[in-house]
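Going by the working numbering, the sequence shown opens with residue 1, and the numbers climb by one from there. Here's the structure we're looking at; comments come further down.
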Amino acid sequence: MSASNNSYDPVEVTSLHPDEVARMRDEALAAIAGAASLADLKEVRLAHAGDRSPLALANREIGALQPTARADAGKRVGGARREVSEALKARQAVLEEERDSRVLVEEAVDVTLPWDRAPRGARHPLTTVAERMADIFVGMGFEVAEGPEVEAEWFNFDALNFLPDHPARTMQDTFFVESRTGGESGLVLRTHTSPVQIRALLGRELPVYVVAPGKTFRTDELDATHSPVFHQLEGLVVDEGITLAHLRGAIDAFVEGMFGSGLRTRFRPSYFPFTEPSAEVDMECFVCRGASVGDPDRPCRTCSSEGWIELGGCGVVNPRVLTAAGVDTGRYSGWAFGLGVERTLMFAHGVQDMHDMVEGDVRFTSAFGMEI
Ligand code: FA5
1 MSASNNSYDP VEVTSLHPDE VARMRDEALA AIAGAASLAD LKEVRLAHAG DRSPLALANR
61 EIGALQPTAR ADAGKRVGGA RREVSEALKA RQAVLEEERD SRVLVEEAVD VTLPWDRAPR
121 GARHPLTTVA ERMADIFVGM GFEVAEGPEV EAEWFNFDAL NFLPDHPART MQDTFFVESR
181 TGGESGLVLR THTSPVQIRA LLGRELPVYV VAPGKTFRTD ELDATHSPVF HQLEGLVVDE
241 GITLAHLRGA IDAFVEGMFG SGLRTRFRPS YFPFTEPSAE VDMECFVCRG ASVGDPDRPC
301 RTCSSEGWIE LGGCGVVNPR VLTAAGVDTG RYSGWAFGLG VERTLMFAHG VQDMHDMVEG
361 DVRFTSAFGM EI
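Here it is as structure tokens:
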């Protein structure tokens, strides 16, 4: 700011001359009117109403005038700045309104558009069937147990009474992951869920009532009834005074829960190294109930007209297995079973071919909806 000067005349200070003040004001008003966007207007505000704008600089000169001249110059510059400020405010309001209407159009949501073009997924029926199978046993008081899919050979075979050179080891065609070295157990992809029996006995207090649904692996070719990756539901009971009659009752309750009431079950003698005696468990065909047997006019696709459907293997736990898991065989006994989940799904839902279960076609999965 210049020092006060008695001979200082505002008309003679160029920036305070009425014409100059009017020119600065007109220039600012024209720039404001020409601002096409809020960003433009921001720049115009800085240039024509900011601290270093021509009108702000002219305003500073007023203090250097004689007191008598200050009022006149102040009125002139102040009036011009007010006009500029009002014009800025008005233009700001217009530009904001324009922006808001544009956003409303550009970001409008058409609520009438179809909402279901991306198909919803569905849980795989093997998962839901395995859960239903396990739930039936949970309803009888069983707990759900787990074990790893890559399993120590000791759990998968040795502890289950498959001796190293036992032919039963090759009965189940095994994917070997790591071979045995020295005294160390090798690793395999578990060929059945039975190793969970040992894990459950080692990890829990007796008595033990568990079911273990899970994935299992064998070097089987994929065909209509076999898959190299399939699922089983293991069941194990170890308690005092346990007999085969309890197993029979539990299997009957499972069949009733899964397939409906009034279906008979039967045990056929079989062999597993870890149970003695061992059996294959069958249920009466829930479609023909045996009526198709020997009647070519009434063939049944579900049981191939045999009248019975095989569910899996079972038996009384071999005392050697209990001993391997540190159980007092003088006091405790038990039984176990292993049911095929794919087989159960095939029967429960009339799936004819196992290819459908593994090929991942969402149309197959969706047909079962979101059953929980
Ligand atoms: C076993 O795996 C025994 N661990 C079952 C068991 C448990 C017996 C406890 C005694 C006590 P098995 O090999 O039979 O048994 O298999 C049981 C079921 O698994 C079969 O009945 C069948 O439903 C299913 N299964 C076996 N192999 C396949 C396969 N490749 N694809 C689909 N399901 C299969």
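Where is the CB? At the ideal position from N, CA and C, for every residue including glycine.
Residue i vs residue j beta-carbon contact at 7 Å
i	j	result
Asp318	Phe274	For clarity, residue 318 is Asn in the given sequence; the question names Asp instead. Yes, they are a contact pair.
Phe368	Pro125	yes
Glu83	Arg25	yes
Ala336	Leu201	no
Val21	Ala71	no
Val341	Ala122	no
Thr302	Cys285	yes
Ala31	His48	yes
Leu311	Met346	no
His192	Gly338	yes
Val188	Glu143	no
Ala87	Leu38	no
Arg120	Leu41	no
Gly257	Tyr209	no
Start and end residues, beta strand (DSSP E) containing residue i
i	result
Ile309	308 to 317
Arg231	Per the sequence shown, the amino acid found at residue 231 is His instead of Arg. Segment 229 to 239, the beta strand (DSSP E) holding His231.
Pro164	No beta strand (DSSP E) contains Pro164, which DSSP labels as neither H nor E.
Gly340	333 to 340
Pro195	Segment 195 to 203 is the alpha helix (DSSP H) holding Pro195; no beta strand (DSSP E) there.
Ala36	No beta strand (DSSP E) contains Ala36, which DSSP labels as neither H nor E.
Phe267	265 to 272
Tyr173	Note that residue 173 is Asp in the sequence shown here, rather than Tyr. Taken as a continuous stretch (DSSP letters only), Asp173 belongs to no beta strand (DSSP E), as it is neither H nor E.
Asp282	275 to 284
Val358	First-last for Val358: 355 to 358, but that is the alpha helix (DSSP H), not the beta strand (DSSP E).
Gly186	It is not in any beta strand (DSSP E) - Gly186 carries neither H nor E in the DSSP assignment.
Thr216	208 to 217
Distance between residue j and residue i (C-alpha atoms, nearest Å)
i	j	result
Thr14	Gly63	15 Å
Glu280	Glu234	14 Å
Phe217	Gly186	16 Å
Val358	Glu149	18 Å
Asn156	Glu146	14 Å
Ala348	Tyr332	35 Å
Thr174	Glu221	13 Å
Gln66	Ala58	15 Å
Ile372	Thr128	Here the model assigns Ile372 a pLDDT of 44, short of 50, so the residue's position is not dependable, and the following value carries that caveat. Spanning the two alpha carbons is a distance of roughly 6 Å.
Val237	Asp297	44 Å
Leu95	Ala36	8 Å
Phe176	Gly203	25 Å
Gly139	Val211	11 Å
Leu244	Lys215	27 Å
Cys288	Leu263	11 Å
Leu16	Thr68	14 Å
Ser270	Ser278	5 Å
Phe230	Thr181	29 Å
Gly307	Val351	18 Å
Ala159	Thr323	9 Å
Ser261	Glu205	34 Å
His355	Glu106	49 Å
Val293	Arg190	37 Å
Gly373	Pro114	Lying before the first or after the last residue shown, residue 373 is absent from the chain, which here runs from 1 to 372.
Trp154	Ile136	30 Å
Pro228	Arg343	14 Å
Arg52	Gly78	16 Å
Asp100	Val109	15 Å
Ser85	Leu55	11 Å
Thr365	Phe254	24 Å
Glu98	Lys89	14 Å
Phe272	Ser194	11 Å
Pro299	Arg363	29 Å
Pro207	Gly249	18 Å
Gly74	Arg102	41 Å
Gln232	Ala118	33 Å
Ser304	Ile251	22 Å
Gly290	His166	38 Å
Delimiting residues of the alpha helix (DSSP H) encompassing residue i
i	result
Gly74	67 to 106
Trp115	From DSSP, Trp115 is part of no alpha helix (DSSP H); its letter is neither H nor E.
Arg363	362 to 366
Thr128	125 to 138
Pro54	54 to 61
Asp252	244 to 259
Glu153	153 to 156
Presumed contact (8 Å Cβ cut-off) between residue i and residue j, rounded CB distance
i	j	result
Ala224	Asp361	Contact doesn't hold; Cβ gap of about 16 Å is too wide.
Arg60	Pro18	18 Å between Cβ atoms; not a contact.
Asn161	Arg320	5 Å
Gly334	Ile242	5 Å
Within-7 Å CB hit, residue i to chain D
i	result
Arg52	Absent here is chain D; the protein component of the structure consists of one chain.
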